[in-house]
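A.B. asks: The sequence shown: position 19 = 35 (my numbering), numbered continuously.
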Amino acid sequence: MPVPRLLLRSLPATILSLPCLTFITRSMANTTELISPSNTRVGWIGTGVMGRSMCSHLIKAGYTLTVFNRTLSKAQPLLDMGAHLAQSPHHLASQSDVVFSIVGYPSDVRSVLLDPTSGALSGLRHGGILVDMTTSEPSLAAEISAAASSKGCFSIDAPVSGGDLGAKNGRLAIFAGGDESVVKRLSPLFALLGKVNYMGATGKGQFAKLANQITIASTMVGLVEGMVYAHKAGLDVGLFLEAISSGAAGSKSLDLYGNRILKRDFEPGFYVNHFVKDLGICLKECQNMGLALPGLALAQQLYLSLKAHGEGNLGTQALILALERLNNVSLQSTTVTSS
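(1) For residue 73, which residues in the same chain have their Cβ closer than 7 Å to its Cβ, ignoring the five residues on either side in sequence?
(2) Out of 178, 266, 287, 89, which one is the CA nearest neighbour of residue 228?
(3) Counting pairs of Cβ atoms below 8 Å between the stretch 315-328 and the stretch 282-294, do you hit three or more?
(4) If we ignore side chains and look at the alpha-carbon of each, how far apart do residue 92 and residue 310 end up?
(5) Using three-state DSSP, classify residue 167 as helix, strand or coil.
(6) When the Cα of residue 379 is compared with those of 296, 339, 281, which residue comes out closest?
(7) Span of the beta strand (DSSP E) holding residue 145?
(8) Should the stretch 167-176 be called in touch with the stretch 267-283, which here means at least 3 C-beta pairs below 8 Å?
(9) Identify the continuous alpha helix (DSSP H) that holds residue 185 and give its terminal residues.
(10) Are the beta-carbon atoms of residue 98 and residue 157 separated by less than 8 Å?
(11) Checking 8 Å against the spacing of the C-beta atoms, do residue 322 and residue 312 come in under that value?
(12) Whose CA, out of 213, 164, 201, 199, lies closest to the CA of residue 188?
(13) Using a Cβ-Cβ cut-off of 7 Å (strictly less than) and excluding sequence neighbours within five positions of residue 38, which residues of its own chain qualify?
(14) Whose C-alpha, out of 286, 346, 118, is nearest the C-alpha of residue 389?
(15) Under 8 Å by Cβ, that's how I've got residue 152 and residue 122 pegged, so tell me the actual separation to the nearest angstrom.
(16) Determine whether the beta carbon atoms of residue 106 and residue 127 lie at a separation below 8 Å.
(17) Using only CA atoms, which one of 202, 231, 142 lies nearest to residue 53?
(18) Quick check: the Cα distance between residue 219 and residue 297, rounded to an integer number of angstroms?
(19) Quick check on the burial criterion: 16 or more other C-beta atoms within 10 angstroms. Buried or exposed for residue 305?
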């Protein structure tokens, strides 16, 4: 039974200092107070292309941040900003009230969150919150939620879209699934990262992100096909992209990647390998639903061809390379216009 606040206030300070009541009062604060830097410790697992920028916003806002990353060098810029380093997800969670994760694959999510010895849930206190921002399987989100609930904790699936620029600018689209009241409690943290969109019960955040990836996949195919066609027709592709950007063919993908493609800048805002993973999950879910999405299947094959050519660690805009190979052309001779 919860301990009433008035009763707690009437108890002597010596009793309130006992570990059991310290834990109770902290748990009460976690479930009733508005999240702020003064009362919420944040843990972050995964400080790669996306996670590093997202963490920086939390540090700048004054949150006490503990980070874990398998490759220490990727966490070093955050340590230089004042973040603390944990030796394991379990260690990180033991020092955190809210634990975010954004890692590569569903197997990584399972390892960092659910491993019975080293996983974050094993170290999280009663009332703590797990927020997985990895694009992963809806069924795994449900499994994490059930495991968290059995321990008196909470879990939100909240994958994001917007790429490296969205992460740097704090303008990500966040797709949240789980208990709506918990999502609302997390709003001060989400607001630092972008716009949170509540999609429904556990797993719905993942379903929304997968639908987002399906949309992006076909958009990217259309973008690079249009660029190859314009090049073959003798157009200045830079001028072509500028011309269509304000019309019906304009898109976020064009804005983010059009000039990068022209400059042969294939640095990852989002890895080909991770996109192949995402589209593979989409196709698996399509099979479960009895859906036929031929555009998705085509995009997956084109991205798999990049992976087969050893280009899996390039950004998704490297799709142009697959179309260039199919047509024996290269856009490298195209005039680059400033954006």
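Note that the Cβ used here is the ideal one computed from N, Cα and C, for glycine as well.
C.D. replies: Let's see:
(1) 186, 208, 209
(2) 178
(3) yes
(4) 43 Å
(5) coil
(6) Nothing about residue 379 can be reported from this structure: the residues present for the chain run from 17 to 355 only.
(7) 145-148
(8) no
(9) 179-185
(10) no
(11) no
(12) 213
(13) Legend: pLDDT at residue 38 = 41, less than 50; position of this residue unreliable, no value from coordinates given.
(14) For residue 389 there is no data in the structure shown, the boundaries of the chain being 17 and 355.
(15) 5 Å
(16) no
(17) 202
(18) 13 Å
(19) exposed
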